[in-house]
Structure formats: C-alpha cells, structure tokens
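Beneath this line is the structure, given in structure tokens, with notes to follow.
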Amino acid sequence: MSSVDEEFEEAGRSVRRASRSLFRVRAAIGLVTVVALLSIVTGIINIGGTETSGLLSAYVPQSVEQAFGFTGALTGFILLATTAGLRRGVRVAWGIAVVLLPVTAFQGLVGSTGVAVAGRTIPVATPLVALSVLSLLGLLINFRTFDREFDLGTTQLAALAAIVGAQVYGTAGAFALQDGFTGVDSLTDAFYFALVTASTVGYGDVTPQTETAKLFAMSALVIGTASFAVALGTLLTPAIEARLAEALGTMNESRLELLDDHVIVVGFSDMTEPIIEELGRVDFIVITRDEEKARRLRNRDVDVVVADPSDEDPLRQAGIERARALVAATDDDAQDALAILTARELNPDLNIVAAATERQNEKKLKRAGADTVVSPAVIGGHLLAQSALGGGTGVENFAAHIAEANEEEIAAADEELAEE
23 MSSVDEEFEE
33 AGRSVRRASR
43 SLFRVRAAIG
53 LVTVVALLSI
63 VTGIINIGGT
73 ETSGLLSAYV
83 PQSVEQAFGF
93 TGALTGFILL
103 ATTAGLRRGV
113 RVAWGIAVVL
123 LPVTAFQGLV
133 GSTGVAVAGR
143 TIPVATPLVA
153 LSVLSLLGLL
163 INFRTFDREF
173 DLGTTQLAAL
183 AAIVGAQVYG
193 TAGAFALQDG
203 FTGVDSLTDA
213 FYFALVTAST
223 VGYGDVTPQT
233 ETAKLFAMSA
243 LVIGTASFAV
253 ALGTLLTPAI
263 EARLAEALGT
273 MNESRLELLD
283 DHVIVVGFSD
293 MTEPIIEELG
303 RVDFIVITRD
313 EEKARRLRNR
323 DVDVVVADPS
333 DEDPLRQAGI
343 ERARALVAAT
353 DDDAQDALAI
363 LTARELNPDL
373 NIVAAATERQ
383 NEKKLKRAGA
393 DTVVSPAVIG
403 GHLLAQSALG
413 GGTGVENFAA
423 HIAEANEEEI
433 AAADEELAEE
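Residue numbers (my numbering): 23 to 442.
Printed below as a string of structure tokens:
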C-alpha cells in the first residue's frame, strides 16, 4: 500500500472516530433530556399521592415518599436546564447531571411505578431508573468531551451572593424573632417567610406582631426585593442574549436571506482574528460555539451564529448554499474536519480553506474535502528559518507584502524571495 493510500486510510479512520465520538456524546445528552422529562412526569404523578408502589417504598419513610413528589419534578426541571450546558461541553453542567441522575433513579425506585390512563397502567418508574443508569454511564464514558469552563463575571457573582445573603438575612432574622411573628415555629417557616417576602408573594399566613418584628419585616422586604430584581436581571440577561444568539446571532431572518456571495468563518481564535480583519472588506459571518467570544464579536458589529459549526442547521442558517467560500480555523483539526465534511455535503461547489493546527493533519483535511489547506506554523517556521540563514530583508519584505499587498504584489514578493 502506497503512502498516499495509507494517509487516506488514516484520514478516514480519524474522521470516523470523530464522528462516532460526536454521536456518542449526542446520544448521551439525548438520554439525559428523556430522563429529565420522565422525572418531571413522575414527580407530577406522585404529588399528593398517598400510596406508592415503588420497589423501595416499603423501606422508605412516608414523609420521604411524599417529599419525592415535588422534588422529583424539581430535579427534572434542573436536569433539563443542564442539557443546554451539556450541548456546549460545559464541565459544570456535566457535574450537575452526574449528581442528579442517581437521584432520579432513586426517585423512580421510591415513587409510583405507573400512571393509570383510560383503565391502563403506563409504566414510568422502570424506564426512569433504566434510562438514568444509561445516561450516567454515557456521561462518564464521554467525560473528556465536557472540558469547557463555565465562568461567571464579577457582576454575576456579586448578584448571586446578594440573593443568597438576602435569604440568609431574612431566614436568620425571622427565626431569631419568631416570638414576634405568627406562623414561625421552625427554621423552615423562617425560610418560607424570607422567600415569600423577597419574591413579593406574601400569602399573609406569616405576619409580624411586635414593633421589632415589623421593622425587621420591612428591612427584609427592601433588601430581598432589591436583591431579586438586580440579581435576576444580571443573571438572566446573558442567558437570554445567548439564547437569541444561538438562534440567529445578531441577524434576523430577512438579513440572513440577503447574504449572498459571502464568506463563512468557522470558529474564532487567535488564528482567525487576522482573517476577520482581512475580510472586513467583504460580507462574512462567523459560526462559533463560544458565547463569550460571540458576544465580543457582536460588540464589534460582526455577524455571528452561536452553534456547533459541524451541524447542518447553523451552516444552512448562514447561507452556505449561496456562500463563495468557507474558512475552517477552530484550533481543532478534528472539529475542522467535521465542519468541512458537513459543508462539502451541503455545497459541493463551495471553496473551502482550512488552517491545519498540526502539520501532519494537512492531507487529512484535504481528504475531508478542503480545497486549500494552510499550516500557519509551517509558514512561520519557514520564514523564521530563512531569516536566521541570512534572508532577513527578503523575508520581511515578503511578510509585509502578505499583510498589506494585493495578489499581484504577493506573487512578485514570492519571486523576489525565491531569487534571494
């Protein structure tokens, strides 16, 4: 077998491995989503139930069984929220899911095994337990995939601390002044008072009776509502922006449809920064999974779609059928290969240019469907070596022409450097 054939086989194996890994991760996330929905359904079924038929119901106190009614639904909602982070590869979301999946399995063993519909019992607990175990195994197997950090800004951390501090203040104060309140007999009652006061619900079942208790209730009301208003705005605004960016970036449907003969840039990194600056003279759009980088690009009036660039939907959304070229430079050759394969399938005539992070992957990216593969590391090393061997002036002229000149000037500089 020739070296070309060997490289082709190796490229094919690399692409197949990457595809299988991506399928496993998506399957695991899909299972987590199903478990979350089943947990919500099971929790709703068990709310207010007086009898349970779970496998462990005989060994669990009645109070615990009743508590699992609403906690099961709450666990399901939290687990469903973590799937958004799992799709982005966030490690914190992975950790939360790994902790909650055994809880959902235990809830399935404790709660009712099925729900009666039209005279038939539909099992819900058994699938919940089985899928919880499978989901947990899937997340553990794909542990290395979820390596993205989740960083909260200073403002968001301060807002979160304000919410926690307000609840601690309200709970501790109400419990300490319980003699001045009606309906506060335990720490749970005190926390209930703090929560309903800060959220401005105020059912009226807990009321201050003394002057001191009334003054404290007023202070808890001001501190709690202020912290909730500021903190929720600070914490939810980035999430809402990210959700809108995930759908359309900064572009609406009509503007997306107007894109024509443009360039699609896959990924954003130090490598793609000069590319974006150079493409400022033509229409282009960036596809990246990193919400923070997308936010910085939007601040520079750059059109962005926040999504996985190897998926078909964001590429179609970016108008790949009408694009003139695609630049793949994500700092991850495997990710580039998947994006190139998808793009080539959607538009066989598209001009695809890829930047190889590692030199040995140049031909693999070619096999994946790239028309042109450039290795910045190889080019930089070549220029540095030529400069070290005495061709400093020619190298500087060549580099300057690349950065500033047009195509004809670049060709002339190349010939000049070759002569030297």
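Just so you know, even glycine gets a beta-carbon here, dropped at the ideal spot from N, CA and C.
Under the criterion of beta carbons closer than 8 Å, V308 and T352 do not qualify as touching, at roughly 11 Å. S332 and R170 have their C-alpha atoms roughly 17 Å apart. Counted as a single uninterrupted DSSP element, the stretch harbouring A340 is not any alpha helix (DSSP H), since DSSP gives it neither H nor E. Contact between F238 and I185 fails: their C-beta atoms lie close to 19 Å from each other, not under 8 Å. Every alpha helix (DSSP H) of 4 residues or more that sits fully in the region 179-267 is shown, in chain order, as 209-220. Apart from the 5 residues on each side of it in sequence, T232 sits with its Cβ closer than 7 Å to the Cβ of G202 in its chain, given in chain order. One alpha carbon belongs to I286, the other to V63, and they sit about 42 Å apart. With contacts defined by Cβ atoms closer than 8 Å, S61 and T126 form a contacting pair. Here the C-alpha atom of R48 lies approximately 34 Å from the C-alpha atom of E299. Counting the other CB atoms within 10 Å of its CB gives D323 a total below 16, which places it among the exposed residues. Under the 10 Å beta carbon count, S208 is surrounded by fewer than 16 other beta carbons and is classified as exposed. Judged by beta-carbon spacing, L153 lies beyond the 8 Å limit of V252, meaning their Cβ atoms are not closer than that value. The Cβ atoms of D393 and R344 do not sit closer than 8 Å to each other. DSSP places F99 within a helical segment (H, G or I) once states are collapsed to three. When only Cα atoms are considered, T219 and G65 end up about 27 Å apart. Within the DSSP secondary-structure output, T310 pairs in a beta bridge with V328.
Between V328 and E313, the C-beta gap is smaller than 8 Å, which places the two residues in contact. Exposure of I163 is indicated by the presence of fewer than 16 other C-beta atoms within 10 angstroms of its C-beta. Rounded to whole angstroms, F306 and V396 show a C-alpha spacing of 20 Å. Counting only residues of its own chain and dropping the five nearest sequence neighbours on each side, A194 has a CB closer than 8 Å to the CB of A212.
About 4 Å separates the beta carbons of G130 and V151, which is inside the 8 Å limit, making them a contact pair. Here L348 carries a strand assignment [DSSP, helix/strand/coil]. The three-state secondary structure of T379, taken from DSSP, is coil. D358 is the residue among L122, D358 and A181 whose C-alpha sits nearest the C-alpha of E380. One alpha carbon belongs to L363, the other to L372, and they sit about 12 Å apart. Each of L108, A180, A58 and T105 was checked against the Cα of P124, and the nearest Cα belongs to A58.
Straight-line spacing of the CA atoms in T177 and T256 works out to 7 Å. When DSSP states are grouped into helix, strand and coil, V288 belongs to the strand group. Here N373 carries a strand assignment [DSSP, helix/strand/coil]. Sorting N369, A361 and P370 by C-alpha distance to the C-alpha of L387 places A361 at the top.
Pairing I374 with L158, the inter-Cα distance amounts to about 39 Å. DSSP links V151 through a beta bridge to no other residue. Distance from the CA atom of L182 to the CA atom of A248, rounded to whole angstroms, is 12 Å. A377 places its beta carbon 8 Å or farther from that of L337.
As DSSP reads the structure, V112 sits in a beta bridge with R170.
By the neighbour-count definition (other C-beta atoms within 10 Å, threshold 16), L254 is an exposed residue.
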